[in-house]
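Take the sequence shown: its letter number 364 is residue 369 in the working numbering, and every next letter is one higher. Glycine residues also receive a C-beta, built at the ideal position from the N, C-alpha and C atoms.
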Amino acid sequence: MSVSTAARRTARGLEERMRELADHDISLRGSGARTAGPRLPTNIIPRARLIEAIDVGTRGTATVISAGAGWGKSTLAASWSSARAVPGPIAWLTVHDEHNDPDVFWSDLLRAMASVGVVLPGNPPAVDERDCQRRIGVAAARLRTPVVVVLDDVHKLVDRRVLGGLGSFVRRAPAQVRFVLSGRHATGISLHQLRVSGELTEIGAADLAFRVDEATALLTLLGGRMTAAQLAATVRHVEGWPVGLRLALLADGSPRPERAADTYLFDEVLAGQLEVRRRFLLRTSVPDRICGPLADALTGNQDGQRTLEQLASENSFIESVGSGRWFRYHPSFRAALRRRLQSTEPAIVPQLHLRSARWHAVSGDILPALTHAAVATNWQLVAELVVGRGLPMFASPDRADFVEVLDRIPPERLSDSAELALCGALVAYQHGDLPGMSQPLGVARALRAAARPHRPEPIDVALGLIESATLVRWQGDLSRLLAISTDLIADAATLYTDQGPALAQYRTLALSNKAVAMMWLGHFDHADRYLWAAASNARAAGLPLVGANSLGHLALLAFFRGSVGEAEEHATAAMTMADRADAPSHPVVAAARLARALIELERGRDVQAAEELRRSRQAGGEIREFALTVVAALVRARILTDSGDESGARAALRDVWTHARPLRSPLLVRLSEVTESEIDLAFGGAAAVVARYGGGRRLSPSEQLCLARAYLAGARESEGEALLAVIRASADRVSAVAAWVFIALMADAHGRVGQAGVALQRALALAEPERIRRPFQHLDSQRVFALAETQQWLAELRDAAGDDALAEITGELPTVVPAALPLSEREMEVLQYLPTMLTAGEIADNLTISVNTVKAHMRSIYRKFGAGRRREAVVVARQLGLL
């Protein structure tokens, strides 16, 4: 039968066909009960992994195959009985309601055993439970191979006498008797002892679910056509449910493909429930997840948790998730219930969504509350939830889902209230329409003015936050941002928590904005305290991304103060916090990424710095905060300067200030001037630096360094030297390292080798803990290299401070030599002189041998050590312990 033909069949025909394939049950009473496995249909696929699982299970006492309707339990058991790897008799009994009579059950179990050749002693057949178990035990003891008893549809056993006797029999069964219990559940049979002892194998819905490869085989068997992506999506949609998958494949192309699955579920699951249970299932299908208290809110009853647990234990297409408080219906079952509820009680559906919204709001689950309120089309409730509880979600990993709910609000409703107008401003911002934010914010302000509130209310705080965090902060009006944030913190302090549960979060957002404004305005000490306060409050308020943003700005602040190590700690903490919130590329991490880029620059790793710069731009999104845009331009200008691209570096600085909005940030202006000064100094423009900084204003260490370099380049050595003496003692470690490097170069230029070595060693000692490398690489690098090589000649202790930095500067990182040829006695004598400053001729004089002999020995040493020159040979010799 082709899929197109199947698609034209009626829903009833599909449902009847699937019931036949899934169950194959012929109900017989008493001694007429079926004692052989069901006939296998021809159009099933072999499932070797499950057959093997039962093979393994039957080596122990019991195997339980337990899942809801249509999961292929009977089919699997029958497939195993005909394809199992271990030989031996199989006694099959399909359970019916009549088997809740102990006499009928045990009589039919004996008949099943006898039907497969297990000779039972005694005549006539006994119906007493103990006598039956005794006779089965005696018969099993005579068998050479174990007998497997398959009890299918075991969930139909509800009589306590039968369940108790069966549980006792399974637990105490002779070694030659094994059990396979198949049914929707086996809750009444006590199997805990077997589970603890490892004698119980359990196969559930997760195991029975079709995998994509199995679904592919089924599609081929049915003659269907579907792309691999479509098939995988179908498997995910039905979560591997075998009947659901088969129905979906057969109904592909029909106008209502879900109809057959709905009918099957209603007949097999819903129809067998009491009316009160059916009502419970229909009403609790409204939310995606359900718990006892929420179920009570939806049904008006008080037994929600107990009912959910019972349904889950019965495998009624519901399962517990997480700790067990929450449950979820199978997607196909939930969808079927929702369609039935919509068709039978359409008026109650919006009411149920409103109950869900209010319950979630009280519980603090804002996104579900917003979603249900939106489905109920209660837009004012949506807006009130946003103002009272949901606004912090705009700075959370759920931002996209949050805005998706706001996008559903009809545009004509966005001016109905100040709360709805605020939602309109958020939507405009999310879509990159910053000018478009002004209109809804203006509407909201006008509506609030017309209301003439006597004191600030949560909507007023929310409006101030949105305006300051987007328009004001984005445009770079930092003085206004500071003023607004200060007022918002004061306003939030006058409100009670019950007026807006998110007020603690609003205060945290305002603290963060105020701290950022202070930093860019150059108030470092105040900014440091407020950033720490914002980060701490963010943790307490459950705002990890606000915390990550605050830590990212703390990283920038630490770097601007010259502490590379502290900046790295804060940047790493910010990224870790964002990663834990599953938001590694959220806009809040842009500051941390820029801090990392600056750190990589100071460590001489321009490639890594460029990569961090790229990631910061990627995290910033389409709407980038202007202050961070300027910092990104400074990073790019430095990278271009280091690579020798003067025009590119100047263009990067010029463009960011030319095309951007007016920015009132003294700190960013001064940082830009420092970067421009570095460009000037790198390309012979020292006079411009003197003109910029020589006016007597108070300078930061980095500015002092630029001026000192300009003085040295302009033959004003005494003035430069005086500035360097001040810089080297500053807390700005980056500038202090650079100052010591210049002091070393000045001493070396005047022939003061000892002073040069001491100064370079001070630079190295300062640089090494924070791995600062840029000053050594870009401040007259050739002279620094020569001086570093001299310092290496003089260094005898391998663990001296700054040794790693020294090796990196000279390009002679220690290399472990796995083996080296032994040196002769004379070669060992020559080797002792290699770390000194003596020439080959001077070594020859000391050893009273010719220069050519010394050079020959040196070549031999290089060859044996695999070294290319004298310094490399010294490094290898020290590693080998020869020096």
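Q) Using a Cβ-Cβ cut-off of 6 Å (strictly less than) and excluding sequence neighbours within five positions of alanine 222, which residues of its own chain qualify? A) Ile50
(Q) By DSSP's criteria, valine 432 is part of a beta bridge. Which residues make up the other side? (A) Answer by DSSP bridge pairing: none, since valine 432 is not bridged.
Q: Could you tell me how far apart the beta carbons of tryptophan 525 and leucine 710 are, in whole angstroms, since I believe they sit closer than 8 Å?
A: Going by Cβ atoms, the distance from tryptophan 525 to leucine 710 rounds to 22 Å, so no, they are not a contact pair.
Q. Exposed or buried, alanine 882, counting other C-beta atoms within 10 Å across all chains shown (16 or more means buried)?
A. buried
Q.
Based on DSSP bridge pairs, tell me the residues matched to phenylalanine 184.
A. Ala67 and Val154
Q) Any idea which residues DSSP pairs threonine 99 with across the strands? A) Asp157
Q: Could you have a look at arginine 135 and say whether DSSP puts it in helix, strand or coil?
A: helix
Q: Going by DSSP, name the residue or residues bridged to tyrosine 334.
A: Ile323
**Q.** Delimiting residues of the alpha helix (DSSP H) encompassing leucine 254
**A.** 247-255
Q.
My output table needs one value for glutamate 817: the three-state DSSP class, helix, strand or coil.
A. The predicted position of glutamate 817 is uncertain, since its pLDDT is 48 and thus under 50; a value taken from the coordinates is nonetheless stated next. Three-state DSSP puts glutamate 817 in coil, outside helix and strand.
Q. Going straight from the alpha carbon of alanine 454 to that of aspartate 421, what length do you get?
A. 15 Å
Q. So, are the CB atoms of leucine 98 and leucine 114 less than 7 Å apart?
A. yes
**Q.** One or two residues paired with glutamate 207 in a DSSP bridge
**A.** Val69
Q: May I have the straight-line CA-CA distance separating leucine 887 from methionine 833, to the nearest angstrom?
A: 8 Å
Q | Cut-off 6 Å between Cβ atoms - residues of its own chain near glutamate 204, not counting five sequence neighbours on either side | A | Gly65 and Thr66
Q: Determine the direct distance from the alpha carbon of alanine 72 to that of serine 909, and round the result to whole angstroms.
A: Missing from the structure shown is residue 909; the chain here goes from 6 to 888 and no further.
**Q.** Backbone secondary structure at isoleucine 471 - three-state DSSP
**A.** helix
Q) For isoleucine 644, which three-state DSSP category applies? A) helix
Q | Reference glutamate 424; option with closest CA among Leu452, Val739 and Arg512 | A | Leu452
**Q.** For glutamine 235, the nearest candidate out of Leu226, Leu254 and Ser401 (CA to CA)
**A.** Leu254
Q | Backbone CA spacing between isoleucine 56 and histidine 190 [nearest angstrom] | A | 20 Å
Q: Between the Cα of threonine 513 and those of Arg585, Arg620 and Ala467, spot the shortest distance and give me the residue it belongs to.
A: Ala467
Q.
Going by DSSP, what residue range makes up the alpha helix (DSSP H) through proline 909?
A. Any answer about residue 909 is impossible in this case: the structure gives the chain only from 6 up to 888.
Q.
Given this structure, state the Cα-to-Cα distance separating glutamate 103 from cysteine 296, to the nearest angstrom.
A. 36 Å
Q: Just the C-alpha distance for proline 458 and serine 368, rounded to the nearest angstrom, thanks.
A: 29 Å
Q. Valine 240 lies in the alpha helix (DSSP H); which residues open and close that run?
A. 233-243
Q) Where do the N-terminal and C-terminal ends of the alpha helix (DSSP H) with tyrosine 535 fall, by residue? A) 529-546
Q: Answer yes if the segment 348-360 comes into contact with the segment 266-286, meaning at least three C-beta pairs across the two stretches below 8 Å, and no otherwise.
A: no
Q | Counted within 10 angstroms of its Cβ, other Cβ atoms place aspartate 804 as buried (16 or more) or exposed | A | Model confidence at aspartate 804 stands at a pLDDT of 39, short of 50, so the residue's coordinates are unreliable and nothing is read from them.
Q: Please classify isoleucine 295: does DSSP put it in a helix, a strand, or coil?
A: strand
Q: Give me the Cα-Cα distance between alanine 713 and glycine 437, rounded to the nearest whole angstrom.
A: 45 Å
**Q.** Sub-7 Å separation of leucine 431 and leucine 411 beta-carbons
**A.** yes
Q) Can you tell me whether asparagine 857 is buried or exposed, with buried defined as 16 or more other CB within 10 angstroms of its CB? A) exposed
**Q.** CA nearest to the CA of leucine 156, picked from Gly756, Glu134, Ala237 and Ser187
**A.** Ser187
Q) When the distance is taken between beta carbons, is isoleucine 194 closer than 7 Å to valine 153? A) no
Q: Report yes or no: do three or more beta-carbon pairs, one from the segment 599-611 and one from the segment 547-566, lie closer than 8 Å?
A: yes
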